[in-house]
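Trainee: Per the UniProt record's numbering, the sequence shown starts with residue 1, numbered consecutively. Each residue gets a CB set at the ideal place from its N, CA and C atoms; glycine is no exception. Predicted model only: the values in this text are computed from it and were never measured.
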Amino acid sequence: MPTTKPGICRICSAHCGVLATVADGKLVKVTGDPDNPMFQGYTCDKGRALPDIHNNPHRLLHSQKRTADGGYAPIASEQATDEIAAKLQHLIAEYGPRSVAIYLGTNGLPYPASALTANAFIRAIESPMFFTANTIDQPGKQIALAAHGHWLGGDIPFDEADSWLLIGTNPLVSKAIGIPGQNPSRNLREAINRGMRLIVIDPRRSQTAARASIHLQPRPGEDATILAGIINLIITEKLYDPAFVEQNAAGFAALADAVSGFTVDYVAERADIPRDQLVEAARVFATHGDRPGMVNAGTGANFGLHGSLVEYLCLCLTTLCGRWQRAGQRVTRPNTLMPAFTAKAQPHPPYEGWGYGERLRVRGLTDTVSGMPTAALADEILLPGEGQVKALICIGGNPMAAWPDQRKTERALQSLELLVTLDTEMSLTSRLAHYVMAPKMQMETPAMTQGSELIKYYTSGTGIPAAYAQYAPRLVDPPAGSDLIEEWQFFLGLAKRMDLQMFFVNFFGGGGGRFMESPPVVVVMDKDTELTTEELFAQMCANSRIPLEEVAGHEHGHIFDVDAVVQERDPECTDRLDIGNAALLGELADVLAEDFRAARADRDHPFRLIPRRHKNFMNSSGTQLPKLNGGKAYNPAYMHPEAIADLGLDSGSLVTIASPHDYIPAVVEADDTLRRDVIAMHHAFGGLTTEDDEVRDRGSNVGRLVPTDIEFDAITGLPRQGNIPVRVTPV
Ligand SMILES: Nc1nc2c(c(=O)[nH]1)N[C@H]1C(S)=C(S)[C@@H](COP(=O)(O)OP(=O)(O)OC[C@H]3O[C@@H](n4cnc5c(=O)[nH]c(N)nc54)[C@H](O)[C@@H]3O)O[C@H]1N2
Ligand SMILES: Nc1nc2c(c(=O)[nH]1)N[C@H]1C(S)=C(S)[C@@H](COP(=O)(O)OP(=O)(O)OC[C@H]3O[C@@H](n4cnc5c(=O)[nH]c(N)nc54)[C@H](O)[C@@H]3O)O[C@H]1N2
Ligand code: SF4
Ligand SMILES: [Mo]
């Protein structure tokens, strides 16, 4: 008899409540859950493909070990853990703890204990080398918050706002930021029906831009310029909130001075947007409606080299216009599975965000609030000398597909003495690994929404916009005869063999610790620890506002009735947000000093390549699954039809795309939503560098076009992953 039970899809951060049907011990169907109060039946194609993902014939049911001839053979997970522990002990004894690094990718998110335990392990061996995908994503968000400070009253609710500004993000597809990701189409439709004016800045008429009231379609990479222009206009026309600024912000004069060169005419010419449209966008954002909203930027705006600055200007614009929840208003994202926190209408002051902790051996980079610079990890592997990284453990990430400079990444990974991946398939990175640990998958493990809730601490515009939580037990057994291990159990297994004591503090990172009232939960693990994931989740939620058992009692998820209202500021509070940070406004001065006309005259590279995401793929995941790729296993190079015709090409032509750094093969496809001078491609496709002739089966690796050591954010090391100058030549 098939059974259908509520579960949680955790492919992306929306964490949709779904219904999962199991028949004959197999997951056979996943649909939306109409009884889930938050999602009301919503899912996307990826969530509905969870049965295909679980039952994928390429899924690993046993861990793999590389054989002498370069192939792979199954190995028992206990045996693999024995061998990996022994190798790590040997490397640490020989080269020191820094020789061991961990990289956590996006598939840490579905398994809340995975990141915490991996981080506990690396601290237990006393290596500082813990890297995550965050620093090749939008690390500027945390840098900007450190420089600006946090508003302890939190965000304005999207579902009440009359205006919203989105820059280089497409939340209708990505569910990531701005429009709440829990059924974003519905959330946007309701807002527009209510009279919201949405402003979108995107070189492409994205799904979100197509529904905007104003769509600015600029040259890519000019987001700092445009934001500075909008701020300048708002200051000049006195459209900001002087009372809020007076009471809560420092640095107004420095900001006003730094943006003063960004006149409407200058910005319109430089970004190639109509002057009047820019003015209208600024005025609408500043004045439309009784309840004006916020501004959020996404990956598109962050990859154009000035990500930290773009994020900082977003916060400056928000504070300048006083766009934060005030005393007496409801808390937009109340804590539920996180510990209770009293929101207050006051600033949390800026704090040290970078330049501390571990120093990398390249490019003057350091640890930061956004973590260690992942774009420098390949260099740390390749650069001989003391501290060289010899072993890398990748958890739910795919460096060969997703890191910048694929060729360098490939050399680095091939040179390692030990490469371990924890991956559900022989991913591109796993194909270079010594060991591939096969893990359990989503519906085979218990699930909760704590991870989706806590991302709000990384940046505003994310997280769950209600006191909503869900817990789901394991819904299906792993396939018969399989030998699978949960990621956190792998690290506990290593710790036991290496006789380490590990501990983690839930929740680390994201400035989270700054918002704790109750003492943090400390989880300790050592060689005597015997724990189930369920027991570990209970420990992780020991001080949550709503007890985990109570959440679990509502199997379809529940919006709890918590009385969360923003409180008055403390009478003695003199803290201020900083909108005049010298380092970041110094970078804005550099932007103004750039000779943008000369940069544009690069005849060798007449196009700019920009990132975009596809609704059916989560980075590299799903790209090879027929149910999701519809038989097209490559990522086209989308170009304006006239640009294709100008080159004498057709949609479907094979081309070479070359940046000043490297080249990739690609298949062009017509897309009239783009500017003529822009090419858009999904990232995280492609094979190894020797497999270019398989482009129609594997796609093209955009990261290969990106050098890590030429143009990069000096604070976070994030290279220029967008606005990449390229030329296109027929093959
Ligand atoms: N050029 C360019 N580069 C980019 C980007 C871009 O837009 N353009 N985007 C950047 C961004 S925002 C990010 S976040 C990074 C992403 O970088 P990564 O996180 O490194 O890449 P993913 O492709 O998400 O890797 C996911 C891996 O998890 C595996 N996996 C799938 N399901 C499971 C599971 O249940 N358990 C485990 N253990 N593994 C699983 C998949 O097979 C895959 O190998 O890439 C960055 N790189
Ligand atoms: N379906 C799906 N959902 C995902 C993912 C996925 O791969 N697939 N990945 C997840 C991850 S890891 C992340 S980080 C988030 C990212 O979420 P988003 O940041 O929303 O990413 P995208 O959907 O690629 O939207 C980026 C937009 O920026 C535009 N753009 C490109 N260059 C520029 C520029 O220079 N300036 C401006 N203003 N716009 C520009 C692109 O045209 C595109 O519409 O999505 C998450 N959700
Ligand atoms: S939106 Fe995200 S969480 Fe929801 S079903 Fe799709 S992939 Fe899963
Ligand atoms: Mo990301």
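With distances taken Cα to Cα, identify the nearest neighbour of P31 among L50, P37, R283.
Mentor: Here the question's residue 31 lines up with position 31 in the sequence shown. The sequence given here places Thr at residue 31; Pro does not occur at that position. If we check each option's Cα against that of T31, L50 comes out closest.
Trainee: Just to check, is the beta-carbon of K29 closer than 8 Å to a non-hydrogen atom of ligand 3?
Mentor: For the purposes of this step, residue 29 is taken as residue 29 along the sequence shown, with counting starting at 1. The answer is no for K29.
Trainee: Counting Cβ pairs, one atom from each stretch, are 3 or more of them under 8 Å apart for the stretch 552–559 and the stretch 33–40?
Mentor: yes
Trainee: Hey, could you find the ends of the alpha helix (DSSP H) N187 is sitting in?
Mentor: Along the sequence shown, read from residue 1 onward, the residue named residue 187 stands at position 187. Segment 184–194, the alpha helix (DSSP H) holding N187.
Trainee: Distance, Cα to Cα, A402 vs P571?
Mentor: Counting from one through the sequence shown, the residue named residue 402 turns up at place 402. Counting from one through the sequence shown, the residue named residue 571 turns up at place 571. Roughly 48 Å separates the two Cα atoms.
Trainee: With a threshold of 8 Å, are at least 3 pairs of Cβ atoms found where one atom belongs to the stretch 633–651 and the other to the stretch 675–682?
Mentor: yes
Trainee: Should the stretch 648–666 be regarded as contacting the stretch 382–392, the criterion being three or more beta carbon pairs within less than 8 Å?
Mentor: no
Trainee: Tell me, to the nearest whole angstrom, how far the beta carbon of I235 is from that of V259; I am working on the premise that it is less than 8 Å.
Mentor: Position 235 of the sequence shown, counted from the start, is the residue given in the question as residue 235. Position 259 of the sequence shown, counted from the start, is the residue given in the question as residue 259. 7 Å between Cβ atoms; contact.
Trainee: With a cut-off of 7 Å, give the chain-ordered residues whose Cβ is closer than this to any heavy atom of ligand 3.
Mentor: C9, R10, I11, C12, A14, H15, C16, V18, T43, C44, K46, G47, K175, G181, M618
Trainee: Grab me the residues of I546's own chain with a C-beta within less than 8 Å of its C-beta, minus the 5 sequence neighbours each way, in chain order.
Mentor: Mapped onto the sequence shown, residue 546 falls at position 546. These residues qualify, in order along the chain: T336, L337, A467, A469, F560, V562.
Trainee: So, are the CB atoms of N170 and D137 less than 9 Å apart?
Mentor: Here residue 170 refers to the residue found at position 170 of the sequence shown. Here residue 137 refers to the residue found at position 137 of the sequence shown. Cβ distance not < 9 Å, so N170 and D137 don't count as in contact.
Trainee: Give the single residue among A224, C573, H682 whose Cα lies nearest to the Cα of L585.
Mentor: Taking the sequence shown and counting its residues from 1, one reaches residue 585 at position 585. Residue A224 is the option with its Cα nearest to L585.
Trainee: With a threshold of 8 Å (Cβ to nearest heavy atom), would A133 be considered close to ligand 4?
Mentor: Along the sequence shown, one-based indexing puts residue 133 at 133. Because some heavy atom of ligand 4 lies under 8 Å away, the Cβ of A133 counts as near it: yes.
Trainee: Which two residues bound the contiguous alpha helix (DSSP H) that contains H54?
Mentor: In the sequence shown, residue 54 corresponds to position 54, counting from 1. First-last of the alpha helix (DSSP H) with H54: 50–54.
Trainee: At a cut of 8 Å, does the stretch 710–723 reach the stretch 208–225 through at least three beta carbon pairs?
Mentor: Contact annotation: the stretch 710–723 touches the stretch 208–225, with at least three C-beta pairs closer than 8 Å.
Trainee: Along the chain, which unbroken stretches of the alpha helix (DSSP H) at least 4 residues long are found entirely within the stretch 501–586?
Mentor: Qualifying alpha helix (DSSP H) stretches, in chain order: 533–540, 548–552.
Trainee: Please list the terminal residues of the continuous beta strand (DSSP E) segment that includes I697.
Mentor: Locating residue 697 in the sequence shown gives position 697, counting from the first residue. In the sequence as presented, Ile is not what sits at residue 697; that position holds Asp. Run containing D697: none in the beta strand (DSSP E); it sits in the alpha helix (DSSP H), 695–698.
Trainee: For the candidate residues H682, A376, Y663, A14, whose alpha-carbon lies nearest to that of N183?
Mentor: Translated into positions along the sequence shown, residue 183 becomes position 183. Nearest of H682, A376, Y663, A14 to N183, Cα basis: A14.
Trainee: Determine the DSSP secondary structure at G403, reduced to helix, strand or coil.
Mentor: Stepping through the sequence shown from its first residue, residue 403 is reached at position 403. First, the residue type needs correcting, since residue 403 is Trp and not Gly in the sequence shown. It is coil, neither helix nor strand.
Trainee: Based on the DSSP secondary-structure assignment, which residues constitute the bridge partners of W354?
Mentor: Within the sequence shown, residue 354 is the residue found at index 354, counting from 1. Answer is T368, bridged to W354.
Trainee: Tell me C394's beta-bridge partners as DSSP assigns them.
Mentor: As a working mapping, residue 394 is identified with position 394 in the sequence shown. For C394, which the question treats as bridged, DSSP gives the partners Y103, T421.
Trainee: If we require 3 or more residues per run, which beta strand (DSSP E) segments fall completely within the stretch 104–148?
Mentor: Along the length of the stretch 104–148, whole beta strand (DSSP E) runs at least 3 residues long occupy 130–132, reported in chain order.
Trainee: Return the first residue and the last residue of the alpha helix (DSSP H) that P473 is part of.
Mentor: Taking the first residue of the sequence shown as 1, we reach residue 473 at position 473. Premise fails: P473 is in no alpha helix (DSSP H) and is neither H nor E.
Trainee: Give the range of the alpha helix (DSSP H) segment to which A256 is assigned.
Mentor: Against the sequence shown, residue 256 aligns to sequence position 256. Where A256 is concerned, the enclosing alpha helix (DSSP H) stretches over 252–259.
Trainee: Between G716 and ligand 1, is there a pair consisting of the residue's CB and a ligand heavy atom that are separated by less than 8 Å?
Mentor: Indexing the sequence shown from 1 puts residue 716 at position 716. It should be noted that the sequence gives Thr, not Gly, for residue 716. No - ligand 1 has no heavy atom lying nearer than 8 Å to the Cβ of T716.
Trainee: Would you kindly work out how many angstroms separate the C-alpha atoms of G509 and T132, rounded to a whole number?
Mentor: Looking up residue 509 in the sequence shown gives position 509. Looking up residue 132 in the sequence shown gives position 132. Summary for G509: the model assigns pLDDT 45, below 50, so the residue's position carries little reliability; its value from the coordinates is reported in the next sentence. Going from the Cα of G509 to the Cα of T132 covers about 12 Å.
Trainee: Leaving out five residues before and five after P707 in sequence, what residues of the same chain have Cβ atoms less than 7 Å from its Cβ?
Mentor: The sequence position of residue 707 within the sequence shown is 707, counting from 1. Contacts found: D405, H661, P719.
Trainee: Just checking S430 against ligand 1 - is the residue's beta carbon closer than 8 Å to any of the ligand's heavy atoms?
Mentor: In the sequence shown, the residue the question calls residue 430 occupies position 430. At least one heavy atom of ligand 1 is nearer than 8 Å to the Cβ of S430, so yes.
Trainee: Based on DSSP bridge pairs, tell me the residues matched to G385.
Mentor: If you number the sequence shown from 1, residue 385 lands on position 385. None, per the DSSP bridge assignment.
Trainee: Measuring straight from C-alpha to C-alpha, what distance separates A438 and D526?
Mentor: Taking the sequence shown and counting its residues from 1, one reaches residue 438 at position 438. Taking the sequence shown and counting its residues from 1, one reaches residue 526 at position 526. As the crow flies, the alpha-carbon of A438 is around 23 Å from that of D526.
Trainee: Out of C44, S99, L360, point me to the one whose CA is closest to S415's CA.
Mentor: Here the question's residue 415 lines up with position 415 in the sequence shown. When each option's Cα is compared against that of S415, the closest is S99.
Trainee: Select from D528, G181, R326, A124 the residue whose C-alpha is nearest the C-alpha of L88.
Mentor: Position 88 of the sequence shown holds residue 88. Cα-wise, what sits closest to L88 is A124.
Trainee: Kindly indicate the opening and closing residues of the beta strand (DSSP E) around Y32.
Mentor: By one-based count along the sequence shown, residue 32 stands at place 32. Here residue 32 is Gly; the residue named in the question, Tyr, does not match the sequence. Element bounds for G32: 26–32.
Trainee: What are the uninterrupted segments assigned as alpha helix (DSSP H) that are 4 or more residues long and contained completely in the stretch 264–312, given in chain order?
Mentor: 264–271, 275–287, 299–302
Trainee: How would you write the range of the beta strand (DSSP E) that H90 sits in, first residue to last?
Mentor: By 1-based counting over the sequence shown, the position of residue 90 is 90. Looking at the DSSP string, H90 is not in any beta strand (DSSP E); the run it does join, the alpha helix (DSSP H), is 77–95.
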